[in-house]
Ligand SMILES: Nc1ncnc2c1ncn2[C@@H]1O[C@H](COP(=O)(O)OP(=O)(O)O)[C@@H](O)[C@H]1O
Ligand SMILES: [Mg+2]
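Chains as they are written, first to last, in our numbering: chain A, 55 to 308; chain B, 70 to 333.
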């Protein structure tokens, strides 16, 4: 089997003042090339922790994370990440945010700008190249963050509730655009969300996580033909199943 | 037509400010002439205006000398403050190692160093410059420290994911740009304190030239209070102008990405 990404028995515990916190317990997960995988779970269940481990920003307490056959040992531009919080550098303009990674990679300046412009156009922000982040709306900031990640041509795109803090209308538009980008760039996408609607609209497959310590309790294929309709009968059925599965997780919190 | 031009001042944008200033000068004059009536205690506006004229020849040189002392101290303060503040903000060990020393030295008013400045550096320009340095370095250091220390973790993570794996890159692309507004705010405070230090150092014997020196040794000791007031006004105006220039330059040019947040 050739997997894009493989997580084997990944465990993560944090040492805090109140003692050990077990954030992730025995995560096993395989992601296929070009797959759009959503990870869904109640807040605090370890979704961010899991993405950070894959990004290499933290190391697992035990277990292995293997991307393209190599074990993840630290952060690298072959894993693009869009963060839950706004993460654009406020002191750099839109275009300079996108070129930074290319610059560090040592690409010459003309090429940096050519690539950056291409991705800025891809996320629909042509004309905003020289704006500073404070001049952009929340949705626009996340689009730039997506462009910044994609410009590095990563092997996998990690997205941590990227549309969590934009309004519902913008959110729908962004989801649609993300699918368009995914189709065109053929990236593998790992998308964290706590919204069932979002997962059902976007994903090829949904992994449901339990409350802390986070485990993957179920993987569900979403066999709905694309382009999808948010209100279709099949979507409703899957949504209901996911909600029930998640509901039993929320029950445990109370 | 001439008359009209004069009157138009009273209709312009700054009419309230101009009228207020005129009223203050009139009150000052009345106080000096009819209440205090002693030139040594309160010279009136007219004698002060005349004093400007009497000392017009030495003003440029005194300003130049004081600005020299000031810029030497401020430049040294900026270099040392930014370097040490940045290092302390970035490396926890360095912070812990020199923080106690910094806290103690910072608590001593710079003016208390004047005797040592004279002992060590004699009556050179370095002597007053050293006092300015002591006044300027700490606000810059402390603010730069806060700028480095306070970098939001998400920016560090974002930079790491983009390939900044070396500390050098993180400092260059994240910590330094993040700390610039802080350092700018610190520098603005340093300009104010540094200017006070110039005048004090020159007055208290760390120099035999400059605005402070002349104010004390040539005017006060000879009780030429009208000239003294003229110099006080010059000192105040220079501080005001420096602050305005700095704000214009920094807020308008360097910190376009952070509109209107540097005012301290
Ligand atoms: N650096 C850390 N130190 C200690 N505990 C942490 C740390 N990061 C996360 N946690 C804990 O791990 C759990 C999972 O957090 P997180 O992954 O952010 O959840 P989610 O993203 O699903 O909301 C939380 O209980 C959180 O308090
Ligand atoms: Mg999270």
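For glycine and all other residues, C-beta sits at the position ideal for the given N, C-alpha and C.
In this text the structure is predicted, and so the values were computed from the model without any measurement.
In chain order, 140, 142, 187 place their CB closer than 7 angstroms to the CB of residue 195(A), counting only its own chain and leaving out the 5 sequence neighbours on each side.
Taking all protein chains shown into account, residue 206(A) has 16 or more neighbouring C-beta atoms within 10 Å of its C-beta and is therefore buried. From the listed residues 279(A), 118(A), 105(A), the smallest Cα separation to residue 210(A) is found for 105(A).
Here the region 142-155 of chain B lies against the region 208-224 of chain B, with 3 or more beta-carbon pairs under 8 angstroms apart. Residue 322(B) is outside the set of residues whose beta carbon lies under 8 angstroms from a beta carbon in chain A. By the C-beta criterion, the region 137-152 of chain B is judged not to be in contact with the region 317-326 of chain B, since fewer than 3 inter-stretch pairs fall below 8 angstroms.
For residue 138(A), the shortest C-beta to heavy atom distance toward ligand 2 is below 7 angstroms. In chain order, 226, 227, 230 make up the part of chain B whose C-beta sits under 8 angstroms from the C-beta of residue 135(A). DSSP, read as helix, strand or coil, puts residue 210(A) in strand. About 6 angstroms separates the beta carbons of residue 197(A) and residue 179(A), which is inside the 8 angstroms limit, making them a contact pair. Put simply, the CB of residue 193(A) is far from chain B, with every gap to its CB atoms at 8 angstroms or more.
Around the beta-carbon of residue 93(A), 16 or more other beta-carbon atoms lie within 10 Å, marking it buried. Residue 273(A): member of the beta strand (DSSP E) spanning 270-275, first to last residue. Using a Cβ distance threshold of 8 angstroms, residue 193(A) and residue 228(A) count as a contacting pair.
By the 16-neighbour rule on beta-carbons within 10 angstroms, residue 148(B) is exposed.
Relative to ligand 2, the beta carbon of residue 101(A) is positioned inside 7 angstroms of a heavy atom. Contacts with chain B (Cβ-Cβ distance below 7 angstroms) from the region 101-116 of chain A involve 109, 111, listed in chain order.
For residue 269(A), the shortest C-beta to heavy atom distance toward ligand 1 is 7 angstroms or greater. By the Cβ criterion, the region 95-113 of chain A is not in contact with the region 160-175 of chain A, since fewer than three pairs of Cβ atoms, one from each stretch, lie closer than 8 angstroms.
At least 8 angstroms separates the beta-carbon of residue 272(A) from that of residue 246(A). In the three-state reduction of the DSSP assignment, residue 124(A) falls in the strand class. Using a Cβ distance threshold of 8 angstroms, residue 146(B) and residue 259(B) count as a contacting pair. Remark: C-beta atoms of residue 267(A) and residue 78(A) approach each other more closely than 8 angstroms. Residue-level contact check: residue 326(B) touches chain A, since one or more beta carbons of chain A fall below 8 angstroms from its beta carbon.
Against chain A, the CB of residue 112(B) has no partner CB under 8 angstroms away; the residue lies outside that interface. At a cut-off of 8 angstroms between beta-carbon atoms, residue 319(B) makes no contact with chain A.
With a cut-off of 8 angstroms on Cβ pairs, the region 182-197 of chain B is not in contact with the region 122-133 of chain B, counting fewer than three such pairs. The C-beta of residue 264(B) has 16 or more other C-beta atoms within 10 Å across all chains shown, which makes the residue buried. For residue 143(A), a Cβ of chain B is located within less than 8 angstroms of the residue's own Cβ. Taking the CA atoms as reference points, residue 234(A) sits about 10 angstroms from residue 177(A). Contact with chain A is absent for residue 251(B), since none of that chain's Cβ atoms lies less than 8 angstroms from the residue's Cβ.
Within the chosen limit of 7 angstroms, ligand 2 does not reach the beta carbon of residue 303(A) with any heavy atom. The beta-carbon separation of residue 240(A) and residue 82(A), rounded to 25 angstroms, does not stay under the 8 angstroms limit for a contact. With contact defined as three or more Cβ pairs closer than 8 angstroms, the region 230-250 of chain B and the region 168-175 of chain B are not in contact. Taking a C-beta cut-off of 7 angstroms against chain B, the contacting residues of the region 146-169 of chain A are 154, 155, 158, 159, listed in chain order.
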